[in-house]
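Enquirer:
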Amino acid sequence: MTEDKHPPEDGDQIENARLIAQFAHDDIWWYRSNQWNAVNGALVLIAAVVGLTRMFVSEADLTFSKTWYFSLLACVVAVGSCWYLAHLHSETIETRRLMRKASKLCGAEQLRVRIWQRTYEHTDHSRGVFLILMMDLAISVAFGATVAYLTRVYWSGAIAGVVACLIGSLRLCHVVRANLRKSDA
């Protein structure tokens, strides 16, 4: 491997930092829009499970013993999408951290602080959590209603919805705490 005889100029370093910051900004927008896509996709897949069940199981046969595997499929969709939402939040936090480092390298940090009069580094881990919890709740309610409809055991639908919401919330709490520890270090 050949080494450069000339170190990179400050102008090149600043331009590279600007490019990194721009890519990070685009990634954050992608993560945020993909969260909505994940929720919409999960709700459509849960509705598809209900439709698929109704294609193969008659109204009179909607019992737990005949529809448990469809309920399990809806569970996989619900928990998987809640898990994915937490993953996207973690990636957003990491990208914000990268964007801040790039803005410090290119000298834009002081400008950013002057424009907004604050930096928000201490809230990176928790910013957007409430919205993700509401997304988890929407998915969990749809999952619980699906289980209640498919099994005709309504309390099991309520329990399934609560458990799915708890799993999604616990995963999100884990992501927030892990990133809080990273920011403290």
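Per my numbering: the sequence shown ends with 188, consecutive numbering throughout. All C-beta atoms, glycine included, are put in the ideal place defined by N, C-alpha and C. A quick note: this is a predicted structure, and the numbers were derived from the prediction, not measured.
Provide the residue span of the alpha helix (DSSP H) that contains ASP139, from first to last.
Expert: 132-154 is the extent of the alpha helix (DSSP H) around ASP139.
Enquirer: Could you please give the first and the last residue of the uninterrupted alpha helix (DSSP H) stretch that includes THR66?
Expert: Note, THR66: premise wrong, no alpha helix (DSSP H); not H, not E.
Enquirer: Taking 7 Å as the CB-CB cut-off, is ASP64 touching chain D?
Expert: Absent here is chain D; the protein component of the structure consists of one chain.
Enquirer: Can you give me the C-alpha to C-alpha distance between THR149 and ALA50, rounded to a whole angstrom?
Expert: Whole-angstrom Cα-Cα distance: 8 Å.
Enquirer: Enumerate in chain order the residues of its own chain whose CB-to-CB distance from MET4 is below 6 Å, with the five nearest sequence positions on each side excluded.
Expert: Note that MET4 has pLDDT 47, beneath the 50 cutoff, so the model's placement of it is unreliable and the number below is only indicative. No residues qualify anywhere along the chain.
Enquirer: Please determine, among ARG184, VAL52, ALA105 and ARG180, the residue with the shortest C-alpha to C-alpha distance to ASP15.
Expert: The option with the nearest alpha carbon to ASP15 is ALA105.
Enquirer: Identify which residue in LEU76, ASN43 and ALA45 has its Cα closest to the Cα of THR56.
Expert: Closest by alpha carbon: LEU76.
Enquirer: Which word fits GLN38, buried or exposed, when buried means at least 16 other C-beta atoms lie within 10 angstroms of its C-beta?
Expert: GLN38 is buried by the Cβ-count criterion.
Enquirer: What residues in its chain sit with their C-beta under 6 Å from that of SER143, if we drop five residues either side in the sequence?
Expert: Correct list, in chain order: GLY164, ALA167 and CYS168.
Enquirer: Compare the beta carbon distance of LEU88 and ILE135 with 7 Å and say whether it is the shorter of the two.
Expert: Yes, the Cβ-Cβ distance between LEU88 and ILE135 is below 7 Å.
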